[in-house]
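Engineer: Numbered by the numbering used here, the letters in the sequence shown go through residues 136 to 352 in order.
Cβ atoms here follow ideal geometry from the backbone N, Cα and C, with glycine treated the same way.
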Amino acid sequence: METMVKRYYSLAIEKAVANIYIYGDIVSWEWLESDISSYTLAKELETLPEEVDKINVFINSYGGEVKEGLAIYNALKRHKAKVTTVCDGFACSAASVVFMAGDERVMSNASLLMVHNAWLYTAGDANRLRKDAEDLDTITQASVSAYMTHVTIPEEELKTMMDEETWISAADALAMGFATSIVNDEQTAVSQSVKRKLIDLLLTMQEDAKAAQAAKN
136 METMVKRYYS
146 LAIEKAVANI
156 YIYGDIVSWE
166 WLESDISSYT
176 LAKELETLPE
186 EVDKINVFIN
196 SYGGEVKEGL
206 AIYNALKRHK
216 AKVTTVCDGF
226 ACSAASVVFM
236 AGDERVMSNA
246 SLLMVHNAWL
256 YTAGDANRLR
266 KDAEDLDTIT
276 QASVSAYMTH
286 VTIPEEELKT
296 MMDEETWISA
306 ADALAMGFAT
316 SIVNDEQTAV
326 SQSVKRKLID
336 LLLTMQEDAK
346 AAQAAKN
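1. Count the other CB atoms within 10 Å of the CB of Arg265; is the residue buried (16 or more) or exposed (fewer)?
2. Touch check for the segment 227-235 and the segment 272-290: three-plus C-beta pairs under 8 Å?
3. Have a look at Thr182, Ser172, Trp302 and flag the residue whose alpha-carbon is nearest the alpha-carbon of Trp164.
4. Can you give me the C-alpha to C-alpha distance between Thr220 and Val286, rounded to a whole angstrom?
5. My output table needs one value for Met235: the three-state DSSP class, helix, strand or coil.
6. What does the alpha-carbon distance come out to for the pair Met311 and Met242?
7. How big is the Cα-Cα spacing for Tyr156 and Trp254?
8. Please specify which runs of the alpha helix (DSSP H), each continuous and at least 4 residues long, are wholly inside the segment 261-289, giving them in chain order.
9. Please report the residue range of the alpha helix (DSSP H) in which Ala226 lies.
10. Are the CB atoms of Lys189 and Ala216 nearer to each other than 7 Å?
11. Measure the beta-carbon distance from Val152 to Glu200 and round it to whole angstroms, keeping in mind my assumption that it falls under 8 Å.
12. Look at the alpha carbon of Asp238 and the alpha carbon of Trp166, and state the distance between them as a whole number of angstroms.
13. Give the secondary structure of Ala245 by DSSP, where H, G and I count as helix, E and B as strand, and everything else as coil.
14. Looking at C-alpha atoms only, which residue of Phe313, Leu271, Glu269 is the closest neighbour of Glu290?
15. Just the Cα atoms here: how many angstroms apart are Phe225 and Ala147?
16. Since Ser304 and Leu271 should fall inside the 8 Å C-beta cutoff, what is the C-beta to C-beta distance between them, to a whole number of angstroms?
17. Buried or exposed: which applies to Gly204, given that a residue is buried once 16 or more other Cβ atoms fall within 10 Å of its Cβ?
18. Pick from Thr315, Ile194, Tyr282, Ile288: whose alpha carbon is nearest that of Tyr122?
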């Protein structure tokens with residue numbers, strides 16, 4: 136049996152395996168075909184046939200709303216099936232939290248994670264701004280807890296990475312426990328070459344920024 140729900144966000148079922156594709160933004164209100172909310176995904180998980188014992192979650196997303204990402208993370212963790220998350224391109228922000236829901240967490244050499252602190256738009260007096268800052272610390276800590284379930288680095292190191300809005304290569308993700316394995320894409324298509332160059336550029340820019348900051352200090 137196979138069921139296709141959407142084109143970009145989709146859930147397909149074949150025998151005892153469910154494949155979920157999160158290739159868009161993680162939001163509370165789905166405006167675009169590619170958007171996914173925690174409500175939609177959680178309801179679909181509830182309706183999976185009893186025989187489904189494996190869920191593959193393929194991710195290529197800039198992230199979105201923290202609360203939605205946390206809810207998707209918890210819904211996947213709660214399911215009885217074995218969950219494998221696969222970073223097909225970028226798993227940024229809230230999408231990186233969803234990535235951490237996998238019992239197995241797979242990346243390729245041409246994929247990246249990105250972690251950062253929660254943020255919001257705000258306005259008000261000094262009391263309101265202080266309250267918002269305290270709330271953001273608490274919200275960020277929920278994501279920290281999800282990462283710390285698997286990573287092997289100290290929590291303070293993780294928080295520093297989030298402070299600096301850090302892009303994480305597949306090799307570094309494996310070394311730090313974000314990922315459990317790396318698969319190599321042997322294809323030599325031009326699109327893959329461009330993707331690899333983009334990732335190298337992002338990592339180089341990150342290292343240059345750190346060096347410039349160190350020089351200032």
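Structural biologist: In short, the structure shows the following:
1. Residue numbering aside, residue 265 sits at position 130 when the sequence shown is read from its first letter. Result: exposed.
2. Yes: the two stretches touch, three or more of their Cβ pairs being nearer than 8 Å.
3. Numbered from 1 along the sequence shown, position 29 holds the residue referred to as residue 164. Per the Cα distances, Ser172.
4. Position 85 of the sequence shown, counted from the first residue, corresponds to residue 220. Position 151 of the sequence shown, counted from the first residue, corresponds to residue 286. In this model, Thr220 and Val286 are separated by some 15 Å (Cα to Cα).
5. Here the question's residue 235 lines up with position 100 in the sequence shown. Residue state, collapsed to three classes: coil.
6. Taking the first residue of the sequence shown as 1, we reach residue 311 at position 176. Taking the first residue of the sequence shown as 1, we reach residue 242 at position 107. Their backbone Cα atoms lie some 13 Å apart in a straight line.
7. Translated into positions along the sequence shown, residue 156 becomes position 21. Translated into positions along the sequence shown, residue 254 becomes position 119. One alpha carbon belongs to Tyr156, the other to Trp254, and they sit about 26 Å apart.
8. List check, alpha helix (DSSP H) in window: 261-283.
9. Sequence index remark: in the sequence shown, residue 226 carries index 91 (1-based). In the DSSP assignment, Ala226 falls outside any alpha helix (DSSP H) and within the unbroken beta strand (DSSP E) covering 217-227.
10. Within the sequence shown, numbered from 1, the residue matching residue 189 stands at position 54. Within the sequence shown, numbered from 1, the residue matching residue 216 stands at position 81. In contact: Lys189 and Ala216 (Cβ atoms closer than 7 Å).
11. In the sequence shown, counting from the first residue as 1, residue 152 sits at position 17. In the sequence shown, counting from the first residue as 1, residue 200 sits at position 65. Rounded, the Cβ-Cβ distance is 28 Å, inconsistent with contact.
12. Here the question's residue 238 lines up with position 103 in the sequence shown. Here the question's residue 166 lines up with position 31 in the sequence shown. Taken atom to atom, the span from the alpha-carbon of Asp238 to that of Trp166 is near 31 Å.
13. Looking up residue 245 in the sequence shown gives position 110. In this structure, Ala245 counts as coil in the three-state DSSP scheme.
14. One-based indexing of the sequence shown puts residue 290 at position 155. Cα-wise, what sits closest to Glu290 is Phe313.
15. What you label residue 225 is simply residue 90 of the sequence shown in a count that begins at 1. What you label residue 147 is simply residue 12 of the sequence shown in a count that begins at 1. Roughly 21 Å between the two C-alpha positions.
16. Here residue 304 corresponds to residue number 169 of the sequence shown, with the count starting at 1. Here residue 271 corresponds to residue number 136 of the sequence shown, with the count starting at 1. Contact check for Ser304 and Leu271: beta-carbon distance about 27 Å, past the 8 Å limit, so the pair fails to qualify.
17. Numbered from 1 along the sequence shown, position 69 holds the residue referred to as residue 204. Label assigned to Gly204: buried.
18. As displayed, the chain neither begins before 136 nor continues past 352, which places residue 122 out of reach and without an answer.
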